[in-house]
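Chains as they are written, first to last, in this note's numbering: chain A, 871 to 1116; chain B, 6 to 272.
Structure representation (structure tokens):
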């Protein structure tokens, strides 16, 4: 328990240090662009692929469970929209990102620790925490755009699976995705996406930055980082949902 | 000049440095030597500010490190060049970007100026036509040269090297040693090298500090080290089987007794 509290304290001190003594803007600018490329643009492929098929699966499963003829077929679209916007895009994709981007962050920073590159930065007088983690945080401010694309592709996947699978007509689907639309749900989804983005940037960085040992420990740190990022995302998801939707 | 007074450092119950005092002079290659576990690396890391000493003080040309503010410490660190044991080159950057890094971070130099300075130091360390290669594409000796180039590119006042010859063949080791000594004299910097390589000790050891079990056992020059009869030094300098006869004649000691002594220490 004491160890856990110590780690939490260390994590928040690291966050404070991220904003201390910033790196020169001319250097930081290129670091941010590189991180956007690696973490955001580089993740688009897997996010698009998963979102599209998840949307399709949600539509098919909803359709197969609609056995009562009194329930309109447009409910397939409604269910797809709600599932994708409220949970699948923000939370499910964030868990995927914890595996994809989170492991990359932990292993790259961890390798820098093992090969004394972080020591080299610190000896030179560079604020290593700011140099390494701040660009990742800035890159993840663009994470809601990834999720917006994920939402769009998820619904598109649902439409294609529903219409071309013969479960629902295109007109009914379009009616369904507009039924009882509550704009606040989109705000809620983007708010939690932003929070998840910050967690995705900082928790894996923490595990990489403070790791000890050699190559084997880099692998272990990546696994631990994925587990903790997922646990924190799921917990924070519950808290935000409780606060904003209940 | 770097002055160390009575520094002590413990990790838990283990006291690693036990009241070490010495001076590292400007324009000279100062060596910290000793067996593995003698406290060399901890001493170097303490000098670099990576470890904080429990007691004692370290002064860089009159500036006592522990009395500096956080910003002053960071500013002092920009005057330090460091060559790490494993070179510690940034593997996401090519040679040119690695060497240019301190200039981009701490100076207002612009593109052309940076490139010219980088080429100048790369030429100084005899490394040409490698600007666009990545660290994993060059040999260990070349990586050491890049690390030296990066350490001196911003004209440091202090140069620290941790085992600069580690993993290099004897010929390349000699070249690296010569390079470090030439740079030290040319740029008039205070160089501190952590090593247990006897070739380095004899070749460039203008000031040698010998550590044993966290205590400064002996200090002197590379000429004096060959004349001393200090038992620990003789055992260290002539530890190779090649020097068995020399060791025995200097210590007048039975070899079996020495081996038993070493075994007891290892246990």
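Glycine is no exception: its CB is placed at the ideal position from the N, C-alpha and C atoms.
Within-8 Å CB hit, residue i to chain A
i, result
"residue 109/B", "yes"
"residue 9/B", "no"
"residue 87/B", "yes"
"residue 36/B", "no"
"residue 53/B", "yes"
"residue 122/B", "no"
"residue 79/B", "yes"
Within chain B, partners of residue i - CB distance below 9 Å
i, result
"residue 894/A", "109, 110, 111"
"residue 908/A", "Correct list: empty, because the minimum Cβ distance to chain B is about 10 Å."
Beta-carbon contacts of residue i that lie in its chain and below 8 Å, excluding the five residues immediately before and after
i, result
"residue 919/A", "none"
"residue 1064/A", "1011, 1013, 1014"
"residue 41/B", "201"
"residue 924/A", "954, 958, 962, 1024, 1027"
Residue i in three-state terms, based on DSSP
i, result
"residue 8/B", "strand"
"residue 954/A", "helix"
"residue 1080/A", "coil"
"residue 271/B", "Reliability of the predicted coordinates at residue 271/B is poor, the pLDDT of 49 falling under 50, and the value obtained from them is presented with this limitation in mind. The answer is helix: DSSP assigns residue 271/B an H, G or I state."
"residue 940/A", "coil"
"residue 14/B", "strand"
"residue 203/B", "helix"
"residue 32/B", "coil"
"residue 120/B", "helix"
"residue 986/A", "coil"
"residue 253/B", "helix"
"residue 68/B", "strand"
"residue 1049/A", "coil"
"residue 87/B", "strand"
"residue 217/B", "strand"
"residue 1108/A", "helix"
"residue 902/A", "helix"
"residue 1116/A", "coil"
"residue 139/B", "coil"
"residue 20/B", "strand"
"residue 132/B", "coil"
"residue 61/B", "strand"
"residue 41/B", "coil"
"residue 5/B", "Here chain B covers residues 6 to 272 and nothing more, so residue 5/B does not appear."
"residue 964/A", "helix"
"residue 55/B", "coil"
"residue 240/B", "helix"
"residue 934/A", "helix"
"residue 1037/A", "coil"
Amino acids of chain A, ordered along the chain, whose beta-carbon sits closer than 8 Å to that of residue i
i, result
"residue 83/B", "994, 995"
"residue 234/B", "Those do not exist, as residue 234/B stays about 38 Å from chain A at its closest Cβ, beyond 8 Å."
Within 8 Å, strictly: CB atoms of residue i and residue j
i, j, result
"residue 1030/A", "residue 915/A", "no"
"residue 34/B", "residue 153/B", "no"
"residue 143/B", "residue 135/B", "yes"
"residue 1028/A", "residue 950/A", "yes"
"residue 235/B", "residue 207/B", "no"
"residue 83/B", "residue 994/A", "yes"
"residue 164/B", "residue 196/B", "yes"
"residue 244/B", "residue 204/B", "no"
"residue 946/A", "residue 1035/A", "no"
"residue 980/A", "residue 1088/A", "yes"
"residue 221/B", "residue 29/B", "no"
Interface flag, residue i vs chain B, CB-CB below 8 Å
i, result
"residue 990/A", "yes"
"residue 986/A", "yes"
"residue 891/A", "yes"
"residue 999/A", "no"
Cutoff 6 Å; reference residue i; Cβ partners in own chain excluding five residues on either side
i, result
"residue 905/A", "1005, 1006, 1009"
"residue 960/A", "1017, 1059, 1062, 1063"
"residue 844/A", "No answer is possible for residue 844/A: it lies beyond the span of chain A, which begins at 871 and ends at 1116."
"residue 1092/A", "973, 976, 977"
Partners in chain A for residue i, counting only beta-carbon separations shorter than 7 Å
i, result
"residue 93/B", "985, 986, 987, 989, 990"
"residue 40/B", "Going along chain A, no residue has its Cβ under 7 Å from residue 40/B, so there is no contact; the nearest lies around 22 Å."
Proximal residues of chain B, C-beta to C-beta of residue i below 7 Å
i, result
"residue 897/A", "109, 110"
Spatial neighbours of residue i in its chain, beta-carbon cut-off 7 Å, leaving aside the 5 residues before and after
i, result
"residue 971/A", "909, 913, 1070"
"residue 94/B", "103, 140, 148, 151, 152"
"residue 171/B", "90"
"residue 59/B", "13, 14, 15"
"residue 242/B", "203, 230"
"residue 71/B", "62"
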